[in-house]
Amino acid sequence: MALNLIYPEYEITRNADRCINCRVCERQCANDVHGYIDEIERMVCDDSKCVNCHRCVSLCPTRALKITKSGNTYKENANWSARIINELYKQADTGGVLLSGMGNPLDYPVYFDKILLNASQVTNPSIDPLREPMETKVFLGAKPHNIERGEDGRIVSKLPPQLSLSMPVMFSAMSYGSLSYNAHESLARAAEAVGIYYNTGEGGLHENFYQYGKNTIVQVASGRFGVHPHYLNSGAAIEIKMGQGAKPGIGGHLPGTKIVGDISRTRMIPEGSDAISPAPHHDIYSIEDLRQLVYSLKEASGYKKPVIVKIAAVHNVAAIASGIARSGADIIAIDGFRGGTGAAPTRMQGHVGIPIELALASVDTRLRDEGIRDRVSLVVGGSIRSSADIVKAVALGADCVYIGTAALLALGCHLCRTCYAGKCNWGIATQMPDLVKRLNPDLGFQRLTNLMTAWRHEIKEMMGGMGINSIESLKGNRLMLRGVGLNETELGILGIRHAGG
Ligand code: SF4
Ligand code: SF4
Ligand code: SF4
Numbered sequence: 065m066a067l068n069l070i071y072p073e074y075e076i077t078r079n080a081d082r083c084i085n086c087r088v089c090e091r092q093c094a095n096d097v098h099g100y101i102d103e104i105e106r107m108v109c110d111d112s113k114c115v116n117c118h119r120c121v122s123l124c125p126t127r128a129l130k131i132t133k134s135g136n137t138y139k140e141n142a143n144w145s146a147r148i149i150n151e152l153y154k155q156a157d158t159g160g161v162l163l164s165g166m167g168n169p170l171d172y173p174v175y176f177d178k179i180l181l182n183a184s185q186v187t188n189p190s191i192d193p194l195r196e197p198m199e200t201k202v203f204l205g206a207k208p209h210n211i212e213r214g215e216d217g218r219i220v221s222k223l224p225p226q227l228s229l230s231m232p233v234m235f236s237a238m239s240y241g242s243l244s245y246n247a248h249e250s251l252a253r254a255a256e257a258v259g260i261y262y263n264t265g266e267g268g269l270h271e272n273f274y275q276y277g278k279n280t281i282v283q284v285a286s287g288r289f290g291v292h293p294h295y296l297n298s299g300a301a302i303e304i305k306m307g308q309g310a311k312p313g314i315g316g317h318l319p320g321t322k323i324v325g326d327i328s329r330t331r332m333i334p335e336g337s338d339a340i341s342p343a344p345h346h347d348i349y350s351i352e353d354l355r356q357l358v359y360s361l362k363e364a365s366g367y368k369k370p371v372i373v374k375i376a377a378v379h380n381v382a383a384i385a386s387g388i389a390r391s392g393a394d395i396i397a398i399d400g401f402r403g404g405t406g407a408a409p410t411r412m413q414g415h416v417g418i419p420i421e422l423a424l425a426s427v428d429t430r431l432r433d434e435g436i437r438d439r440v441s442l443v444v445g446g447s448i449r450s451s452a453d454i455v456k457a458v459a460l461g462a463d464c465v466y467i468g469t470a471a472l473l474a475l476g477c478h479l480c481r482t483c484y485a486g487k488c489n490w491g492i493a494t495q496m497p498d499l500v501k502r503l504n505p506d507l508g509f510q511r512l513t514n515l516m517t518a519w520r521h522e523i524k525e526m527m528g529g530m531g532i533n534s535i536e537s538l539k540g541n542r543l544m545l546r547g548v549g550l551n552e553t554e555l556g557i558l559g560i561r562h563a564g565g
């Protein structure tokens, strides 16, 4: 007989005075939590299936529902928390590897929250972004070391291919297959409207989205799904994914049940077959091998597009980045250990990698020390949550950031962290037609555009407060940062002083 040791994590409270038995909650929950019993003429629920996605709470017309964290407690102690006990019970039940979505939730330091920005007072006056020009435009790609001029004084230095962005933000790689068609359409249209880029992830590019090519980064991952010459030439840049923050050192797995219809055609693999990306690229075992792939992709795209190499932030990230900068790559993307994804093994997600703030500072410092910082642009991701995180990342040395989870939150995601189950009640991380249509791409596009408009304004305000009128002047300007509650080692790696000093 099966032991039922796990008490539901959430409790659903239904206010009987408010409930009108409309059964909206029943229809909206893909997890079959709510039901109506004719005999007692009442709604009932099975709390154990609830993932706290808030869909029913948001759509209940009388606000009759409330979800609370269960007040039931195990006999926990400082060593054995309820989370660890629950995870152990689950594995004893199933014998399986635990999966989680949406990034590392554990209680490690968030360095962005321990860094404060400067503001001008008295001298070096602040700038009013409403009345004076502020430049948030950035160009990503290798820059020439010197600017050479011809006899007529004109610049003759040849600029390698660049990405031009209206603000230092891009939507990070999230594949069609892990995300729904409507989520991808929302991202592509918002990237076009804002003048930034979105990223195909490793699932190829749906034929309907080739029209957004000039705002698209096409990804080449170890599985090479959906990669062909037309694909490589359709985007504005090509990204080689060597690793990702949510699961450094391992590959990806989209179950065969999700490889249907357009997803199978776009990935160029048979319906029903598992899409497994191997942990390594089987043709890359050194920087020289990586260089071969970088130049193969440049050759295939006529040397017209920058090549990005994306890696996870790991212990020796600065040395790895130094090698990549010498490999011919134009942009390095670094994904911190908080990086989100649809499905990652819980242990890899929670215990592998390093914080993006430390990785970024150490990479920027090393590339500067080696005199090769201008050979590459740096893009960082892994839980950029607000415009303040962006400003701090740029001041630590980033040219631009990638956002993934924040973009999905704008689309309605409630961080229930069960994307791997394929039953996203908000129509984002699902391929079930009834659920996909819950995300209206017109609304999704508008909400993403609103978020970027708001962040751009806030970035200008923070820059203006520092007396800086161009994002280029902020890049790597660590004098604008101070740490609070950080020790000497942390301050040393971040290259900043403690507040008050
Ligand atoms: S949606 Fe609200 S009002 Fe309708 S049945 Fe559910 S709890 Fe009752
Ligand atoms: S899983 Fe979501 S929709 Fe279903 S009961 Fe829980 S909060 Fe409501
Ligand atoms: S995308 Fe959907 S399934 Fe994933 S965390 Fe957000 S709401 Fe949950």
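FYI, the numbering used here numbers position 9 of the sequence shown as 73, with every residue one higher than the one before it.
The C-beta atom is built at its ideal place from N, Cα and C for all residues, glycine as well.
Here the structure is a predicted model, which means the values were calculated and not measured.
- At a Cβ-Cβ threshold of 9 Å, V440 and V465 do not count as neighbours.
- Beta-bridge partners of K305 (DSSP): K374.
- Within a 10 Å sphere around the beta-carbon of W144 sit fewer than 16 other beta-carbons, which makes this residue exposed.
- Distance from the C-beta of R481 to the nearest heavy atom of ligand 3 is below 8 Å.
- If you check the CB distance, N279 and K369 do not come in under 9 Å.
- The beta carbons of V378 and P312 sit closer together than 9 Å.
- In this structure the segment 157 to 167 does not lie against the segment 495 to 507, because fewer than three pairs of beta carbons, one per stretch, are closer than 8 Å.
- Residue nearest to L162 within the set A252, A408, T187 and G435 is A408 (criterion: CA-CA distance).
- Membership of F235 in the beta strand (DSSP E) is indicated by the continuous run V233 to F235.
- Residues close to ligand 1 by the beta carbon criterion (under 7 Å to any non-hydrogen atom) are, from first to last along the chain, R78, R82, C83, I84, N85, C86, R87, V88, C89, E90, H98, M107, C120, L123, C124, P125, T126, A128 and L129.
- Shown here for L243: same chain residues with a beta carbon closer than 7 Å to its own, the five before and five after excluded, namely I492 and A493 in chain order.
- If only complete runs of 3 or more residues are kept, the segment 149 to 190 shows the beta strand (DSSP E) at 179 to 181, in order along the chain.
- Per DSSP, K130 is not a residue of any alpha helix (DSSP H); the beta strand (DSSP E) it occupies stretches across L129 to K133.
- By the criterion of a C-beta distance shorter than 6 Å, G316 is surrounded in its chain by S341, once the five residues flanking it on both sides are discounted.
- Taking I70 as reference, the option from K130, I84, Y359 and K139 with the minimal CA-CA separation is K139.
- Between A393 and L354, the gap from beta carbon to beta carbon is short of 9 Å.
- Put simply, the segment 264 to 271 touches the segment 236 to 254. At least three CB pairs are less than 8 Å apart.
- For the options N380, G400 and Y359, the alpha carbon positioned closest to that of Y172 is the one of G400.
- In the structure shown, the three-state DSSP call for R87 is coil.
- If you draw a 10 Å sphere on the C-beta of I323, you find 16 or more other C-beta atoms in it, and that means buried.
- Using a C-beta cut-off of 8 Å, the segment 443 to 455 makes contact with the segment 413 to 423, since at least three inter-stretch Cβ pairs fall below that distance.
- Here the C-alpha atom of Q413 lies approximately 17 Å from the C-alpha atom of M238.
- Taking a contact as a CB-CB distance under 8 Å, the pair G167 and C483 does not count as one, their CB atoms being some 11 Å apart.
- The segment 476 to 490 makes no contact with the segment 199 to 216; the number of CB pairs closer than 8 Å stays below 3.
- Shortest gap from the CB of T494 to any heavy atom of ligand 3: under 8 Å.
- Taking all protein chains shown into account, E303 has 16 or more neighbouring C-beta atoms within 10 Å of its C-beta and is therefore buried.
- G267 sits in a helix when the DSSP states are folded into three classes.
- If you keep only unbroken alpha helix (DSSP H) runs of at least 4 residues inside the segment 104 to 130, you get 119 to 123.
- At least one heavy atom of ligand 2 sits closer than 8 Å to the Cβ of C117.
- Annotation for Q92: R119, C120, L123 and N489 place their beta carbon closer than 7 Å to its own, counting only its chain and skipping 5 residues before and after.
- In the DSSP assignment, the residues bridged to F203 are S228.
- In the three-state scheme derived from DSSP, where H, G and I count as helix and E and B as strand, A462 is classed as coil.
- If you check the C-beta of C477 against ligand 2, you find no heavy atom less than 8 Å away.
- By the Cβ rule, the segment 452 to 470 does not count as touching the segment 183 to 190, because fewer than three pairs are nearer than 8 Å.
- The three-state secondary structure of E75, taken from DSSP, is strand.
- In this structure, Y74 has its CB closer than 8 Å to one or more heavy atoms of ligand 2.
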